[in-house]
Amino acid sequence: MKKLTMAAIASLALVAGAWTWWRSHRVSASTPSAGTTLKQVAAFDLPGPPGKRFDYLTIDYDDGYLLAHLGPGLLYVIDLKNNKVLATVTDVPGVEGVEYVPELKKVYTSDWHEKKIGVIDLRQNKVVAKIPALQKPDGSAYAAPFHKLYVSDERAEAEIVIDVQSDKIVKTLNFKSETGMPQYDPVAKLIYINLQQLGVMTVIDPATDEVVTPVYMVAPCKGNHGMALDPEHHRAFLACEDNNRMAVLDLEKHRIITTLPVAPDPDVIKYDPGLKRIYVACYSGAISVFQEDDPDHFRKLEDFPVQHKVHSLAVDERTHRVYVPEEEENGKPVARMIVYEPVERH
Numbered sequence: 395m396k397k398l399t400m401a402a403i404a405s406l407a408l409v410a411g412a413w414t415w416w417r418s419h420r421v422s423a424s425t426p427s428a429g430t431t432l433k434q435v436a437a438f439d440l441p442g443p444p445g446k447r448f449d450y451l452t453i454d455y456d457d458g459y460l461l462a463h464l465g466p467g468l469l470y471v472i473d474l475k476n477n478k479v480l481a482t483v484t485d486v487p488g489v490e491g492v493e494y495v496p497e498l499k500k501v502y503t504s505d506w507h508e509k510k511i512g513v514i515d516l517r518q519n520k521v522v523a524k525i526p527a528l529q530k531p532d533g534s535a536y537a538a539p540f541h542k543l544y545v546s547d548e549r550a551e552a553e554i555v556i557d558v559q560s561d562k563i564v565k566t567l568n569f570k571s572e573t574g575m576p577q578y579d580p581v582a583k584l585i586y587i588n589l590q591q592l593g594v595m596t597v598i599d600p601a602t603d604e605v606v607t608p609v610y611m612v613a614p615c616k617g618n619h620g621m622a623l624d625p626e627h628h629r630a631f632l633a634c635e636d637n638n639r640m641a642v643l644d645l646e647k648h649r650i651i652t653t654l655p656v657a658p659d660p661d662v663i664k665y666d667p668g669l670k671r672i673y674v675a676c677y678s679g680a681i682s683v684f685q686e687d688d689p690d691h692f693r694k695l696e697d698f699p700v701q702h703k704v705h706s707l708a709v710d711e712r713t714h715r716v717y718v719p720e721e722e723e724n725g726k727p728v729a730r731m732i733v734y735e736p737v738e739r740h
């Protein structure tokens with residue numbers, strides 16, 4: 395037998411370490427996963443081709459539907475009571491952002507493959523109108539009292555404002571940065587938008603559609619794309635893509651309270667106000683989970699292991715269930731929704 399060199403031994407150690415990490419983090423469909431914060435309670439396949447990218451999800455609380463979509467241009471209407479797909483809406487090519495307008499029973503989709511915003515009537519489950527965008531419509535937010543939808547046209551460095559009663563564009567605001575995920579604050583009655591290339595968060599007053607000054611500086615958060623809000627306590631949670639952090643921003647004092655590490659490649663971030671938990675979906679194969687002990691104190695609970703390429707999720711604020719779409723399982727293409735329930739912590 396040949397004697398191993400130190401370099402060969404080191405290489406074997408690296409391989410063994412990577413294998414150990416992969417085994418500890420992989421998720422099997424036949425073995426529901428459980429961690430210290432979440433446990434898998436259901437999984438179901440979705441129509442359409444497997445292995446395609448998911449993006450934003452939203453929940454229609456009126457009917458108990460989950461509205462999810464897939465890269466090839468499909469929007470699913472899923473009954474959350476029994477996890478059944480009730481309808482699959484087509485003609486939404488390259489759909490990314492999705493927003494529900496309850497009083498009109500309409501869904502607006504950001505269809506970047508055709509540079510348009512789709513309007514879907516949920517009573518008919520079909521596209522009834524298309525609104526022109528600029529380059530890449532992405533995340534969106536609805537300011538209900540003003541009947542306005544705000545769509546981030548990411549690559550055009552713009553925010554498109556749509557009157558949902560007429561389905562007409564009423565204004566386009568231009569910025570010198572890619573526009574990240576917008577959020578509507580129902581307490582302050584303001585729209586917040588991440589300008590990730592500038593490292594700031596800007597604010598729009600929906601009453602006038604004018605930018606409110608001053609902007610929020612978000613350093614040391616870098617690449618602030620994803621955002622969630624705790625309106626009651628005037629907090630914003632930012633997913634920092636470029637330095638793998640979750641930042642907590644005090645919206646009243648215009649300052650970062652803290653940043654905490656997340657798993658690599660964070661994207662969509664959601665807040666559960668009932669449990670006071672923050673979930674960050676990370677493309678590397680984890681959901682980073684944080685606890686809000688009070689508005690000034692936050693702690694990380696765990697990096698809950700999920701499949702690679704999971705970067706989006708939805709939280710049902712009534713049941714506290716977390717819905718996570720998968721596009722692959724251990725490298726095999728799938729189109730699947732995983733349902734988790736929170737694990738109580740004592």
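Per the numbering used here, numbering through the sequence shown is continuous, rising by one, with the last residue being 740. Even glycine gets a Cβ: it sits at the ideal position worked out from N, Cα and C.
Whole-angstrom distance between residue j and residue i, CA atom to CA atom
| i | j | result |
| --- | --- | --- |
| ASP710 | TYR665 | 10 Å |
| GLU497 | VAL558 | 10 Å |
| LYS670 | GLY512 | 33 Å |
| ARG715 | GLU646 | 30 Å |
| GLU508 | ARG447 | 17 Å |
| VAL594 | THR607 | 12 Å |
| SER571 | ASP547 | 11 Å |
| GLU738 | THR430 | 8 Å |
| ASP505 | GLU735 | 31 Å |
| VAL555 | ALA537 | 10 Å |
| LYS475 | LEU461 | 14 Å |
| LEU451 | GLN577 | 14 Å |
| GLU722 | GLY679 | 11 Å |
| TYR455 | LYS499 | 11 Å |
| HIS627 | LEU654 | 19 Å |
| PHE540 | VAL521 | 23 Å |
| ILE622 | LEU464 | Checking the sequence shown, residue 622 turns out to be Ala, not Ile. Taking the straight line joining both Cα atoms gives about 22 Å. |
| LEU516 | GLU696 | 37 Å |
| ASP644 | ALA630 | 7 Å |
| ARG712 | TYR459 | 13 Å |
| ALA481 | HIS691 | 42 Å |
| MET611 | GLU490 | 27 Å |
| LYS726 | PHE698 | 21 Å |
Secondary structure of residue i, DSSP reduced to three states
| i | result |
| --- | --- |
| ALA538 | helix |
| PRO444 | coil |
| GLY617 | coil |
| GLU626 | helix |
| GLU821 | The structure shown does not extend to residue 821, since the chain is modelled only from 395 through 740, so no value can be given for it. |
| SER560 | coil |
| ASP547 | strand |
| PRO608 | strand |
| GLN434 | strand |
| LYS826 | There is simply no residue 826 to check, as the chain begins at 395 and stops at 740 in what is shown. |
| LEU451 | coil |
| PRO580 | coil |
| ASN588 | strand |
| ASP456 | coil |
| GLY603 | In the sequence under discussion, the amino acid at residue 603 is Asp, which differs from the Gly named in the question. Coil at ASP603, not helix or strand. |
| THR414 | Confidence is the limiting factor: at THR414 the pLDDT is only 36, short of 50, which leaves the residue's position unreliable, though a coordinate-based value still follows. DSSP places THR414 in helix when its eight states are reduced to three. |
Same chain only: Cβ atoms within 8 Å of residue i, ignoring 5 sequence neighbours per side
| i | result |
| --- | --- |
| LYS510 | LYS524, ILE525, PRO526, ALA527 and PRO531 |
| ASP561 | VAL513, ALA523 and ILE525 |
| ARG417 | Bear in mind that the predicted position of ARG417 carries a pLDDT of just 38, short of 50, making it too unreliable to give a figure here. |
Nearest neighbour of residue i, chosen from the options [CA to CA]
| i | options | result |
| --- | --- | --- |
| VAL501 | ARG712, THR602, ASP659 and VAL483 | VAL483 |
| LEU592 | ALA613, LYS694, LEU464 and ILE598 | ALA613 |
| ALA550 | ASN476, LEU589 and SER560 | LEU589 |
| ASN568 | GLY620, ASN618 and VAL605 | VAL605 |
| GLN529 | SER560, GLY725, GLY488 and LEU643 | GLY488 |
| VAL564 | GLY533, GLU553 and GLY491 | GLU553 |
| ASP687 | PRO667, GLU490 and GLY725 | PRO667 |
| HIS648 | ARG639, ALA622 and THR596 | THR596 |
| ASN618 | LEU632, VAL609, MET611 and PRO441 | LEU632 |
| SER819 | VAL545, ARG639 and TYR717 | In the structure displayed, the chain extends from 395 to 740; residue 819 sits before or after that span and is not available. |
| VAL609 | ALA601, ALA622, THR602 and ILE650 | ILE650 |
| LEU432 | TYR673, TYR677, ASP603 and GLY725 | TYR673 |
| TYR494 | THR713, ILE587, TYR544 and LEU643 | TYR544 |
| ASP659 | ASN724, ASP603 and GLY620 | GLY620 |
| ASP457 | ASP473, TYR717 and ALA436 | ASP473 |
Cutoff 6 Å; reference residue i; Cβ partners in own chain excluding five residues on either side
| i | result |
| --- | --- |
| PRO426 | Any reading at PRO426 must be qualified, since the residue scores a pLDDT of 48, below 50, and its modelled position is unreliable; the value itself is stated next. If we look at PRO426 and ignore the five residues flanking it on each side, its Cβ neighbours are GLN434. |
| LYS616 | CYS634, ASP636 and ASN637 |
| ASP439 | ARG730 |
| ARG693 | GLN685 |
| ASN477 | ALA436 and PHE438 |
| VAL479 | TYR470 and ILE472 |
Beta-carbon contacts of residue i that lie in its chain and below 7 Å, excluding the five residues immediately before and after
| i | result |
| --- | --- |
| PRO580 | PRO625 |
| GLU720 | GLN701, VAL704, VAL728, ARG730 and ILE732 |
| ASP599 | LEU584 and VAL606 |
| PRO466 | GLY442, PRO443 and LYS446 |
| SER706 | PHE448, ASP449, TYR450, LEU451, ASP661, VAL662, ALA675 and PRO719 |
Within-8 Å CB hit, residue i to chain C
| i | result |
| --- | --- |
| TYR536 | The structure shown has no chain C; it contains just one protein chain. |
Run through the region 635-715 for me and flag every whole beta strand (DSSP E) of 3 or more residues, listed as ranges in chain order. Fully enclosed beta strand (DSSP E) runs of no fewer than 3 residues occupy 639-644, 649-655, 660-666, 671-676, 680-688 and 691-699 of the region 635-715, in order along the chain.
Those runs of the alpha helix (DSSP H) which lie wholly inside the region 459-541 and span at least 4 residues: Correct list: empty.
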